[in-house]
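Below is one structure, written out as structure tokens, with a few remarks after it.
Number of protein chains: 2
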Amino acid sequence: MSPTPQERRAARHGLIGSAPPARRGRTAPITVEAIISTAFGIVEREGYEALTMRRLATALETGPSSLYAHVVNKEDLDELLIGRLCAAIELPEPHPDRWREQIAGVCAQLRDQYLRYPGISQAALAAAPANLDTLRVSEGMLAILLAGGVPPQTAAWAIDALVLYVNAHTLEVSYAKRRRNHSDDGWVVGREEMTGRFAALPDSFPQTKRYADELTAGSTEDRFTFTIELMLNGLL
Amino acid sequence: MSPTPQERRAARHGLIGSAPPARRGRTAPITVEAIISTAFGIVEREGYEALTMRRLATALETGPSSLYAHVVNKEDLDELLIGRLCAAIELPEPHPDRWREQIAGVCAQLRDQYLRYPGISQAALAAAPANLDTLRVSEGMLAILLAGGVPPQTAAWAIDALVLYVNAHTLEVSYAKRRRNHSDDGWVVGREEMTGRFAALPDSFPQTKRYADELTAGSTEDRFTFTIELMLNGLL
DNA sequence: TCTACTCCCGAACAGTGTTCGTATCAAGTA
DNA sequence: TACTTGATACGAACACTGTTCGGGAGTAGA
Chain L
1 MSPTPQERRA ARHGLIGSAP PARRGRTAPI TVEAIISTAF GIVEREGYEA LTMRRLATAL
61 ETGPSSLYAH VVNKEDLDEL LIGRLCAAIE LPEPHPDRWR EQIAGVCAQL RDQYLRYPGI
121 SQAALAAAPA NLDTLRVSEG MLAILLAGGV PPQTAAWAID ALVLYVNAHT LEVSYAKRRR
181 NHSDDGWVVG REEMTGRFAA LPDSFPQTKR YADELTAGST EDRFTFTIEL MLNGLL
Chain D
237 MSPTPQERRA ARHGLIGSAP PARRGRTAPI TVEAIISTAF GIVEREGYEA LTMRRLATAL
297 ETGPSSLYAH VVNKEDLDEL LIGRLCAAIE LPEPHPDRWR EQIAGVCAQL RDQYLRYPGI
357 SQAALAAAPA NLDTLRVSEG MLAILLAGGV PPQTAAWAID ALVLYVNAHT LEVSYAKRRR
417 NHSDDGWVVG REEMTGRFAA LPDSFPQTKR YADELTAGST EDRFTFTIEL MLNGLL
């Protein structure tokens, strides 16, 4: 008996490994691998919101129901995607003196991956956090922090905070970019117009008016590194 | 001519205030106020994912299309909800010596509001960040940080980081709770089973196995205050 | 050749947000 | 009083979404 998608999912969560199934009489057989790669292609080109089962099926030249032979759910597909995404993260060998830049580097890798596939952080936030691939990067980050002399309890909680922030930050950036592309409304505005709008606020916003420059300063990358460094500062 | 929903939205984003429309021949006239309050009721009882236009319409004893006379979009409705939610935040008078607890208190208020309406942080993350109500709490937090002696640029960026983390944290907690309620699968497990599962990992996860206790330690509230304090530590 | 067993997929179901055209009703005006 | 005006409300429909079911197609083994 061939594995049901549920069994595949269980195998992914556990440690069982099975041989891949043989191909059939299609031009390109539908495999979990093919599903994942075309899904990534769709997300990279059109964003995560465009990744629907139908869109994915037509990209594979088939119907939506064919996907459910290899994938339990859309939720399951999302889990596969973020697992694959985490598997691409390179974890450096922990070096006690360079723990800060090493952690920052891993976070930057995560950010780049998430931004390469816009909106996929939504799936990352919703996904079960016990996936084996996500656990791998947690393990790597934990090793770096411990090598740097961070206390275990602090390190454990800090990792959660860091990846949570990376997820949220990339999600917000993707939303902002989407809003900018869908610029049907005049709501999304540029930097200088934002400053002017802050300056034109009623007097019940004194600080916001006064520090409009600071509030709108910095690229998204600046804000990202600022926050990461901010969290890293308190670890020792 | 009565205001279209678009005009209402523009009025909310700007500073124009208009008189409420007169009521009609319904038992309870359908107003933006009624829409918001019943929407909050639905989210509080059944979660944000249950808040659909149809569900909201039937709760108001009408059809889905009737809502679009008062609300532009579902996105617009979401914006209204998080605006209302932010309006309920009490901002303390800044006290230079107590800026840390004051900021932590505001964050805790935000967290409690978000957790009271599970899943609504999703709307908060997607919403345009320039809403007047959200700007009010930003103004309040900025005032507290400045009074505490935090440099303006640091304060401005820290506020973004803080509210972003609060959003992400509450969203994750809501997801976990939903997963626990929908416990059709046996995937969601308790604390001790989580620890055991970590301990049973393959040897490629040495640190995770070794520090399984630390990784699963602490309530969600502990982790929340830890991260907030972590970020606050680096501000001076 | 016949059977068993995969894999695959068309059709349909129950949802979702949203729009269009129309009906209903209060107020203002001749 | 009769009539227009204008806003409010809503039924029906459209284009989507994820998902399930029953059967079709084709290979592998007996």
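Chains as they are written, first to last, in my numbering: chain L, 1 to 236; chain D, 237 to 472.
Cβ atoms here follow ideal geometry from the backbone N, Cα and C, with glycine treated the same way.
Using 8 Å as the threshold, is the C-beta distance between L:Leu137 and L:Val106 below it?
As a working note, residue 137 of chain L is residue 137 in the first sequence. As a working note, residue 106 of chain L is residue 106 in the first sequence. First, the amino acid is wrong: residue 137 of chain L is Val here, not Leu. Result yes, Cβ atoms of L:Val137 and L:Val106 sit closer than 8 Å.
Contacts of L:Ala126 in chain D (Cβ-Cβ under 7 Å)
In the first sequence, counting from the first residue as 1, residue 126 of chain L sits at position 126. Within 7 Å Cβ-Cβ: Tyr411.
Rounded to the nearest angstrom, what separates L:Gln113 and D:Ser302 at their Cα positions?
Residue mapping note: residue 113 of chain L aligns to position 113 of the first sequence, counting from 1. Residue mapping note: residue 302 of chain D aligns to position 66 of the second sequence, counting from 1. Going by the C-alpha atoms only, they are around 42 Å apart.
Tell me which residue opens and which closes the alpha helix (DSSP H) that D:Ile464 is part of.
In the second sequence, counting from the first residue as 1, residue 464 of chain D sits at position 228. From DSSP, the alpha helix (DSSP H) with D:Ile464 extends over 456–469.
Counting C-beta neighbours from all protein chains within 10 Å, is the total for L:Gly190 16 or more, i.e. buried, or is it exposed?
Within the first sequence, numbered from 1, the residue matching residue 190 of chain L stands at position 190. Burial call: exposed.
Using only CA atoms, which one of D:Ala391, D:Phe441, D:Thr452, D:Thr461 lies nearest to D:Leu472?
Here residue 472 of chain D refers to the residue found at position 236 of the second sequence. Checked all of D:Ala391, D:Phe441, D:Thr452, D:Thr461; the closest Cα to D:Leu472 is D:Ala391.
Cα-Cα, which of D:Pro387, D:Val279, D:Ile271 is closest to D:Ala305?
Stepping through the second sequence from its first residue, residue 305 of chain D is reached at position 69. Selected option, being the one with the closest Cα: D:Ile271.
Out of curiosity, what's the CA-to-CA distance linking L:Ile103 and D:Thr274?
Stepping through the first sequence from its first residue, residue 103 of chain L is reached at position 103. Stepping through the second sequence from its first residue, residue 274 of chain D is reached at position 38. Straight-line Cα distance between these residues: approximately 45 Å.
In chain D, what lies closer than 8 Å to L:Asn233 by C-beta?
In the first sequence, the residue the question calls residue 233 of chain L occupies position 233. Result: Asn469, Gly470.
Taking L:Leu91 as the reference, give the member of L:Arg210, L:Met141, L:Glu192 with the closest Cα.
What you label residue 91 of chain L is simply residue 91 of the first sequence in a count that begins at 1. Among L:Arg210, L:Met141, L:Glu192, the Cα nearest to that of L:Leu91 is on L:Met141.
Check distances from the C-beta atoms of the segment 91–119 of chain L to those of chain D and list, in chain order, the residues that come in under 8 Å.
Cβ contacts with chain D come from no residue of the segment 91–119 of chain L.
Kindly indicate which three-state DSSP category D:Ala453 falls into: helix, strand or coil?
Along the second sequence, one-based indexing puts residue 453 of chain D at 217. Note: D:Ala453 maps to coil in three-state DSSP.
Count the other CB atoms within 10 Å of the CB of D:Asp314; is the residue buried (16 or more) or exposed (fewer)?
Stepping through the second sequence from its first residue, residue 314 of chain D is reached at position 78. D:Asp314 is buried by the Cβ-count criterion.
If we count the other Cβ atoms within 10 Å of its Cβ and call it buried at 16 or more, is D:Asn403 buried or exposed?
Residue 403 of chain D sits at position 167 when you count from the first residue of the second sequence. Result: buried.
Assess, as a yes-or-no matter, whether the segment 214–233 of chain L is touched by the segment 456–470 of chain D under the definition of 3 or more beta carbon pairs within less than 8 Å.
yes
For chain D, is any of its Cβ atoms less than 8 Å away from the one on L:Asp133?
Here residue 133 of chain L corresponds to residue number 133 of the first sequence, with the count starting at 1. So no, L:Asp133 is outside the interface.
If we call anything under 8 Å between Cβ atoms a contact, is D:Phe460 one with D:Tyr353?
Within the second sequence, numbered from 1, the residue matching residue 460 of chain D stands at position 224. Within the second sequence, numbered from 1, the residue matching residue 353 of chain D stands at position 117. The answer is no: Cβ separation not under 8 Å.
So, does the CB of D:Thr444 fall closer than 8 Å to a CB anywhere in chain L?
Working through the second sequence from its first residue, we reach residue 444 of chain D at position 208. True, the Cβ-Cβ gap to chain L drops below 8 Å.
Taking D:Glu429 as part of the alpha helix (DSSP H), name the residues at either end of that continuous run.
On the second sequence, residue 429 of chain D is found 193 positions in, with the first residue counted as 1. Its alpha helix (DSSP H) spans residues 427–435.
Kindly say whether D:Ala453, judged by its beta-carbon, lies nearer than 8 Å to any beta-carbon of chain L.
Against the second sequence, residue 453 of chain D aligns to sequence position 217. Taking Cβ atoms only, chain L reaches closer than 8 Å to D:Ala453, which makes this a yes.
Endpoints, the alpha helix (DSSP H) within which D:Leu316 is located
Looking up residue 316 of chain D in the second sequence gives position 80. Start and end: 310–323.
Which residues in chain D sit within 7 Å of L:Asp160, going by Cβ to Cβ distance?
Here residue 160 of chain L refers to the residue found at position 160 when the first sequence is read from its first residue. Chain D residues near L:Asp160: Arg459.
What number of angstroms, rounded off, separates the C-alpha of D:Thr452 from the C-alpha of L:Pro151?
Here residue 452 of chain D is taken as the residue at index 216 of the second sequence, counted from 1. Here residue 151 of chain L is taken as the residue at index 151 of the first sequence, counted from 1. One C-alpha to the other measures close to 15 Å.
Chain-ordered chain D contacts of L:Glu193 [CB-CB under 9 Å]:
What you label residue 193 of chain L is simply residue 193 of the first sequence in a count that begins at 1. Ordered by position in chain D, no residue passes the 9 Å Cβ test against L:Glu193, which lies about 11 Å from the chain.
Hey, does D:Glu408 have any beta-carbon neighbour from chain L nearer than 8 Å?
The sequence position of residue 408 of chain D within the second sequence is 172, counting from 1. Yes, contact with chain L.
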